[in-house]
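**Q** What follows is a structure written as structure tokens; I'll ask about it next.
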Amino acid sequence: MSPNTSVSPPNASGQAILVAVGWPYANNHLHAGHLAGAYLPADIFARYQRMRGNRVLMVSGSDSHGTPVTVRAEQEGTTPEDVFQRYHQSFLDTFKGFGISFDLFTSTDTANHIEVTQQLFLQMLEQGDLYEADQELLFDSIAGRFLPDRYVEGICPKCSFDGARGDQCDNCGSTLDALDLINPRSKLSDATPERRKSRHFFLRLTAFTERLMKWIEQPEHRDWRPHVRNFTLGMLREGLIDRSITRDITWGVPIPLEGYESKRIYVWFEAVIGYLSATKEWAATSGNPDGWKAWWTDPAARTVYFIGKDNVPFHTVIWPAMLMSAGGLNLPSDVPANQYVTMSGSKASKSRGGVVWLPDYLERYDPDPFRYALTASMPETNDTDFTWADYVRRNNDELVARWGNLVNRVLTITRRNFDGRVPRAPSTLSPESQALLDRVDGAFDTVGGDYDRVQMRRALAGAIEVAGAANQYLDARAPWQAVKTDRDHAAETLYVAINAISGLITILNPVLPFTTQKAWEYLGHEGKVGIAGWRRTPVLAGTVLPEPGPLYRKLDDSVVAEEEARLGL
RNA sequence: GGCAGGAUAGCUCAGCGGUAGAGCAGCGGACUCAUAAGCCGUUGGUCGCGGGUUCAAAUCCCGCUCCUGCUACCA
């Protein structure tokens, strides 16, 4: 990927960029890990690319199928549809609340998705990339369900540890086959599972090893994140395994063939197709049914997948293999998978607590400070730890004090001393004034390049540093004094500071969409931030400045203890 | 077991071949426009351990210790 580092005006015919975001599983609310891992970086990336004038399409949807949804429905005495609908709505509310700017957030429970999935299924079957075979599986006769390996526990055949899961032993770390467990028991009902044969469809992954290897080794994939690239190469070197892509369940996408009424296509095969089906849905809805091709069949398009690291194999091996089988569709340009965020040192876990639920957060705080704090410690190269102490510090020291206060102090002095209007600067600026504006303009290149490479931490650090430079500039020129002795000097300072802020607003907008929009209006600008593209929008002398308000609230230290208690660790 | 990432100032982390850096915390100072914010200065580290390569290593190589995570038949 060549980083876009040059500043260009908005351009309706920019590059087509598909921002594909992992599909959340509709069996619980979203938490901070989801946001930091996938939705926030995707949103920052999309907002930046839109301002660059690129044709961005950002899609995702609820993954409505799969065993845990049905399990949860049974526990609650309701239907899978009900569970899925409830959380789907929760997701929509959460994205709205945090400003995650999807062009479409749909679900796998649509007629369109089912149709696209079945069509691809049949196409791959015809290609010979799917085949039928019998599979021996464990069946829980009390729950009346075949058991995924993870739902079986027993004694590890290798180390005799009692409590090994069907897929892996937590004690000795070896990968297991559920059929080899000694004294197996179902995690659903505690029943002793019985062996049953079942006929299923398999994805012939083994046939794709060579092609995938070639694809990964293309020069443009060299700068994929090391953990993504190496993990994928490792899988390919070890040898792929054909996997069954159907299950004995009734909640899911039906198999479009006679005699398979009691089986469904399984989620890991079907959910990734959502990227394609969602694009088609968006195109159809916007009145141009062929519009999806701009992102999927035009080789000039860029498709970037934002997911958590646990999802890497599906996006760098399985989905590309499926796309190769289908033919004529773009393979992922990049999969900048993130690592994990831990909460106060504890891994987010639904059972053990230690989770910041996003709907919960929004009841008490504003979205931008969370976006800011999570971006500042985004798990791009390693797991990171979120603490409320860090959140409060970043809010108070960086958002309130450094950035918010910069805007506030500049606007206040100006309004008070220049009749509420932006003062006029001399035609030739002093060197330090010019230097500040140059610094802001330069940040469009450096920070923009970081956004483009999906290095959000670096981007944000670079942006906030410029706010620091603006504060230094102000202190050096002390317009609050100059206004009494040399009005022209003060006028230049404030004019320059206001214009520097204007640039900073645009630069920070991908991370802080809500508060930068507010600030944008405080400068007398109209419309949306960045409407003029990825560049500093000048604020002209004489512009009437409306009364500003605080962009951020200072938080009391007691928030830390309160929220830590709420984490229940 | 395999793979990845980490181990650098009290804390969070950046640097990734060329005289140890930032923010916060601590200490001192000048200022007062601002949500008592901002600015300047300063204390503080034998860069996990042991070898090696090099004129030069936090930075490259080998070995070791500890931490985190991933490991497609859960999403």
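Residue numbers for the first sequence follow my numbering, beginning at 188 and rising by one. For glycine and all other residues, C-beta sits at the position ideal for the given N, C-alpha and C.
1. For Asn582, which residues in the same chain have their Cβ closer than 6 Å to its Cβ, ignoring the five residues on either side in sequence?
2. With a cut-off of 8 Å on the beta carbons, I'd call Ile442 and Arg451 a contact; round off their distance for me.
3. What do you reckon, are the CB atoms on Gly240 and Gly201 nearer than 7 Å?
4. Suppose you measure from the CA of Arg434 to the CA of Thr257; what does that come to, to the nearest Å?
5. Please look up how many angstroms separate the CB atoms of Val208 and Ala219, rounded, as I've assumed it's under 8 Å.
6. Quick check for students: name the residue ranges of the alpha helix (DSSP H) that lie wholly in the segment 472-496, counting only runs of 4 or more.
7. Between the segment 289-303 and the segment 489-507, are three or more C-beta pairs nearer than 8 Å?
8. Name the two residues that bound the continuous alpha helix (DSSP H) containing Val653.
9. Taking buried to mean at least 16 other C-beta atoms within 10 Å of its own C-beta, is Arg539 buried or exposed?
10. Quick check on Ser745: does DSSP put it in helix, strand or coil?
11. Enumerate in chain order the residues of its own chain whose CB-to-CB distance from Ala260 is below 7 Å, with the five nearest sequence positions on each side excluded.
12. Which residue marks the beginning of the alpha helix (DSSP H) containing Thr703, and which one marks its end?
13. Hey, would you say Tyr660 sits closer than 7 Å to Leu623, going by beta carbons?
14. Comparing alpha-carbon positions, which option in Glu448, Ala481 and Arg430 lies nearest Trp438?
15. Can you list, in chain order, the stretches of the beta strand (DSSP E) that have 3 or more residues and sit fully within the segment 547-596?
16. Which stretch, first to last residue, makes up the alpha helix (DSSP H) that contains Tyr274?
17. I believe Trp482 touches Leu244 by the beta-carbon criterion, under 8 Å. Please report the beta-carbon distance rounded to the nearest angstrom.
18. Taking the continuous alpha helix (DSSP H) assigned at Tyr338, which residues delimit it?
19. Using only the heavy atoms of the ligand ZN, determine whether one of them is closer than 6 Å to the beta carbon of Gln405.
20. Per DSSP, what are the beta-bridge partners of Lys384 in this structure?
21. Is the segment 503-520 close to the segment 413-425, with three or more CB pairs under 8 Å?
22. Measuring alpha carbon to alpha carbon, tell me which residue in Tyr559, Trp575, Asp429 and Ala470 is nearest Glu319.
23. Roughly how many angstroms lie between the CA atoms of Asn299 and Arg551, to the nearest whole one?
24. Could you tell me the boundaries of the beta strand (DSSP E) in which Leu205 lies?
25. Per DSSP, what kind of secondary structure is Phe605 in: helix, strand or coil?
26. Quick one: Cα of Arg352 to Cα of Gly341, how far?
27. Closest to Pro371 by CA distance: which of Thr393, Arg386 and Leu324 is it?
28. Cα-Cα, which of Pro610, Val522 and Asp364 is closest to Thr419?
29. Which value, in whole angstroms, describes the spacing of the CA atoms of Asn215 and Gln236?
30. Alpha carbon to alpha carbon, how far is Gly714 from Pro255? Give it in angstroms, no decimals.
31. For Lys401, count neighbouring C-beta atoms within 10 Å of its own C-beta (all shown protein chains included) and say buried if the count is 16 or more, exposed if not.
32. Return the CA-CA distance between Ile169 and Val543, expressed in angstroms with no decimal places.
33. Reducing DSSP to helix, strand and coil, say where Tyr212 ends up.
34. Can you tell me where the alpha helix (DSSP H) with Leu291 in it begins and where it stops?
35. Could you tell me the alpha carbon to alpha carbon distance between Cys343 and Ile369, rounded to whole angstroms?
36. Are the beta-carbon atoms belonging to Val597 and Ala684 less than 7 Å from one another?
**A** Checking against the coordinates, here is how it stands:
1. Closer than 6 Å at Cβ, skipping near neighbours: Pro556 and Leu742.
2. Arg451 and Ile442 do touch by the CB rule: their CB atoms are close to 7 Å apart, below 8 Å.
3. Judged by their CB atoms, Gly240 and Gly201 are nearer to each other than the 7 Å cut-off.
4. Near 13 Å, if we compare the C-alpha coordinates of Thr257 and Arg434.
5. Between Val208 and Ala219 the beta-carbon gap is near 16 Å, outside 8 Å, which marks them as no contact.
6. Correct list: 480-483.
7. No, the segment 289-303 does not touch the segment 489-507.
8. Element bounds for Val653: Met643 to Arg664.
9. Bear in mind that the predicted position of Arg539 carries a pLDDT of just 46, short of 50, making it unreliable; the figure below should be weighed with that in mind. By the neighbour-count rule (16 or more Cβ atoms within 10 Å), Arg539 is not buried but exposed.
10. Ser745: helix per DSSP, three-state reduction.
11. The residues are Thr266, Pro267, Asp269 and Val270.
12. Segment Pro700 to Tyr709, the alpha helix (DSSP H) holding Thr703.
13. In this structure, Leu623 lies closer than 7 Å to Tyr660 by Cβ.
14. Nearest C-alpha to Trp438 among Glu448, Ala481 and Arg430: Glu448.
15. Considered as a whole, the segment 547-596 harbours 571-573 as its complete beta strand (DSSP E) runs of no fewer than 3 residues, in chain order.
16. Unbroken alpha helix (DSSP H) run through Tyr274: Pro267 to Phe285.
17. The Cβ separation is near 6 Å, so the contact holds.
18. No alpha helix (DSSP H) contains Tyr338, which DSSP labels as neither H nor E.
19. Here there are no bound small molecules, and the ligand ZN is not part of this structure.
20. DSSP output for Lys384 lists Glu323 as bridge partner(s).
21. Taking one beta carbon from each stretch, the segment 503-520 and the segment 413-425 have 3 or more pairs nearer than 8 Å; the two touch.
22. In terms of CA proximity to Glu319, Asp429 leads the group Tyr559, Trp575, Asp429 and Ala470.
23. Those two C-alpha atoms are separated by around 38 Å.
24. First-last of the beta strand (DSSP E) with Leu205: Ala203 to Val208.
25. Correct three-state label for Phe605: coil.
26. Just so you know, the alpha carbons of Arg352 and Gly341 end up roughly 7 Å apart.
27. Ranked by Cα distance from Pro371, the first of Thr393, Arg386 and Leu324 is Leu324.
28. The residue from Pro610, Val522 and Asp364 with its alpha-carbon nearest to that of Thr419 is Val522.
29. Cα to Cα, Asn215 sits roughly 31 Å from Gln236.
30. In this structure, the straight-line span from the alpha carbon of Pro255 to that of Gly714 is close to 44 Å.
31. It counts as exposed.
32. Outside the shown range of the chain (188 to 756) lies residue 169, about which nothing can therefore be said.
33. In the three-state scheme derived from DSSP, where H, G and I count as helix and E and B as strand, Tyr212 is classed as strand.
34. Bounds of any alpha helix (DSSP H) do not take in Leu291; it lies within the beta strand (DSSP E) bounded by Leu291 to Ser294.
35. Answer to the nearest angstrom: the Cα atoms are 7 Å apart.
36. Annotated as proximal: Val597 and Ala684, with beta-carbon spacing under 7 Å.
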